[in-house]
Amino acid sequence: MISFNDVFGQDEIKQRLLSELKSGKLPHALMLYGAEGNNALPLALALARELLGLQGPQQLLMFDQLQHPDLHFSFPIYKKESGKPAPCDIFLKQWRELLLRTPYFGYSEWMDAIGAENQQLMIYDDESNALVSKLSLKANQGGYKVVVMWLPEKMNIACANKILKLLEEPPLKTVFILVSEQPDKLLQTIRSRCQAINVPPLTEDDIRNYLISNCAISQDVAQDVAHISNGNICSALRKITDDSELELFFNLFVNLMRLSYVRKVKEMKQWSEQVASLGRERQKRLLAYCQRMIRENFIYNFHSPNLNYMTQQESQFAVKFAPFINERNVIGIMTELSSAQRDIEQNANAKIVFFDFALKMIVLIKNR
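Position one of the sequence shown corresponds to residue 11 (this note's numbering), numbered consecutively onward.
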């Protein structure tokens with residue numbers, strides 16, 4: 011599986027966790043939080059491995075196959091059948107397979123792994139009931155019991171309240187490790203019961219070195235990918251394994267900007283219908299891509315190449331497009347993109363959301 015020696019980057023946090031473990035000061039509830047791709051999940055796994063490995067090398071063998079009986083996982087899922095219980099264990103096989111393949115994945119890779127498509131993932135109260143039952147038993151191997159909860163902000167309110175009770179009255183020798191990307195969406199009472207550790211984005215050097223060592227790519231390509239990944243190893247790996255999506259997003263962005271400039275409303279409606287067919291997770295990634303492109307084109311006007319994070323293709327487009335993104339419209343465009351992202355996350359009608367954004371771009375893009 012993965013040990014602290016295998017986790018690249020985040021040396022300060024690794025040392026802190028190991029020090030707290032060795033000194034006996036590790037709290038019963040930790041929350042590692044930060045943006046996607048910051049290595050928080052690998053850190054959580056490495057800490058769980060250290061805790062369960064205290065009972066001897068045989069425990070490590072079980073852990074490395076993710077078969078340790080005192081290791082419990084919670085993660086967002088969807089209900090396969092309405093009206094039936096939905097503990098996370100119904101997708102435990104897929105979770106183990108993905109983790110054993112790589113611990114460097116994000117929400118979109120998990121959705122693909124379980125065939126979620128347009129489903130909204132959640133941690134249901136059935137999961138908290140299952141955890142209460144599991145943790146009421148003595149540790150199978152006589153040591154710690156460890157719960158790794160990935161994206162706890164996806165808990166529904168019933169589940170969150172039951173987890174809060176577990177955190178307030180933890181079973182003996184039980185450690186909870188929460189891995190959150192949006193801790194502000196968690197109950198304040200849950201956050202207050204955890205020792206929170208901010209896991210910052212990875213450095214560009216860390217990502218570049220990892221890609222060179224593990225992805226069979228040249229140093230130049232690794233440098234370029236690391237440069238535009240903004241500290242997100244998941245994003246970097248996507249750029250290597252799925253160039254087609256990046257190409258799609260680039261073409262959609264360029265097409266919309268050109269259509270907005272010449273005010274071709276009929277074609278803009280067709281554009282919004284094309285985007286609506288992508289599925290919500292890709293729509294969210296497209297909106298994030300558009301925000302990055304607006305930001306990078308605004309910065310491009312300052313003529314400081316070391317501040318830009320664009321591919322060669324994107325940079326070529328910026329030569330003519332960047333002057334259209336300026337102090338008079340950049341905030342307005344970013345605000346509309348943020349609003350569209352919020353609406354998509356709340357399951358609004360995608361055709362309406364994207365057509366509305368496209369129409370607003372007609373006015374914003376002319377504001378030079």
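We treat Cβ as the ideally placed atom computed from N, Cα and C, and that holds for glycine. Values in this document were obtained by computation on a predicted structure and should not be read as measured data.
Rounded Cβ spacing between residue i and residue j (contact assumed at less than 8 Å)
{"i": "Ala39", "j": "Cys204", "result": "4 Å"}
{"i": "Lys144", "j": "His78", "result": "Lys144 to His78, Cβ: 13 Å. No contact."}
{"i": "Val157", "j": "Leu147", "result": "Their Cβ separation, rounded to whole angstroms, is 13 Å, which puts Val157 and Leu147 out of contact at 8 Å."}
{"i": "Pro211", "j": "Asn242", "result": "7 Å"}
{"i": "Leu379", "j": "Gly153", "result": "Residue 379 lies beyond the stretch modelled for the chain, which goes from 11 to 378, so this question has no answer here."}
{"i": "Met371", "j": "Leu256", "result": "Met371 to Leu256, Cβ: 21 Å. No contact."}
{"i": "Gln65", "j": "Gln192", "result": "Gln65 to Gln192, Cβ: 34 Å. No contact."}
{"i": "Gln351", "j": "Leu297", "result": "5 Å"}
Residue nearest to residue i in terms of C-alpha spacing, selected from the options
{"i": "Val340", "options": "Ile309, Tyr319, Asn139 and Asn224", "result": "Ile309"}
{"i": "Gln323", "options": "Thr199, Phe263 and Arg295", "result": "Phe263"}
{"i": "Leu57", "options": "Tyr43, Phe14 and Gln20", "result": "Phe14"}
{"i": "Ala168", "options": "Ala206, Asp136, Arg338 and Leu374", "result": "Asp136"}
{"i": "Ala206", "options": "Arg295, Glu107 and Arg26", "result": "Arg26"}
{"i": "Gly47", "options": "Gly66, Gly116, Ser33 and Leu102", "result": "Gly116"}
{"i": "Leu347", "options": "Leu374, Trp105 and Ile187", "result": "Leu374"}
{"i": "Phe260", "options": "Leu197, Ser325, Glu60 and Glu355", "result": "Ser325"}
{"i": "Arg295", "options": "Trp105, Ser118 and Ile23", "result": "Ser118"}
{"i": "Ile335", "options": "Ile354, Arg302 and Lys175", "result": "Arg302"}
{"i": "His313", "options": "Val329, Asp216 and Met344", "result": "Val329"}
{"i": "Leu42", "options": "Gln104, Arg201 and Asp122", "result": "Arg201"}
Chain-order list of residues whose beta-carbon lies under 8 Å from that of residue i (same chain, five-residue window excluded)
{"i": "Lys361", "result": "Ser282, Glu283 and Ala286"}
{"i": "Asn357", "result": "Gln130 and Arg290"}
{"i": "Leu28", "result": "Phe14 and Glu60"}
Nonlocal neighbours in the same chain, by C-beta distance under 6 Å from residue i, ignoring five residues either side
{"i": "Leu177", "result": "Ala39 and Arg203"}
{"i": "Ala3", "result": "Any answer about residue 3 is impossible in this case: the structure gives the chain only from 11 up to 378."}
{"i": "Tyr220", "result": "Phe18"}
{"i": "Pro181", "result": "Leu145"}
{"i": "Lys172", "result": "Ser138"}
{"i": "Met320", "result": "Glu306"}
Exposure of residue i, with buried meaning 16 or more beta-carbon neighbours within 10 Å
{"i": "Lys164", "result": "buried"}
{"i": "Asn359", "result": "exposed"}
{"i": "Val235", "result": "buried"}
{"i": "Ala368", "result": "buried"}
{"i": "Asn49", "result": "buried"}
{"i": "Pro37", "result": "exposed"}
{"i": "Glu179", "result": "exposed"}
{"i": "Gly93", "result": "exposed"}
{"i": "Asn318", "result": "buried"}
{"i": "Arg338", "result": "exposed"}
Close beta carbons around residue i, own chain, < 7 Å, minus the five adjacent residues each side
{"i": "Ala332", "result": "Asn307, Tyr310 and Asn311"}
{"i": "Leu110", "result": "Leu76"}
{"i": "Phe327", "result": "Val264"}
{"i": "Met72", "result": "His78"}
Does the structure place the segment 243-259 close enough to the segment 213-230 that three or more beta carbon pairs sit under 8 Å? Touching, per the Cβ criterion.
Tell me whether the segment 113-130 and the segment 92-99 touch, counting them as touching only if at least three CB pairs, one residue from each stretch, are closer than 8 Å. With the cut-off at 8 Å, the segment 113-130 and the segment 92-99 do not touch.
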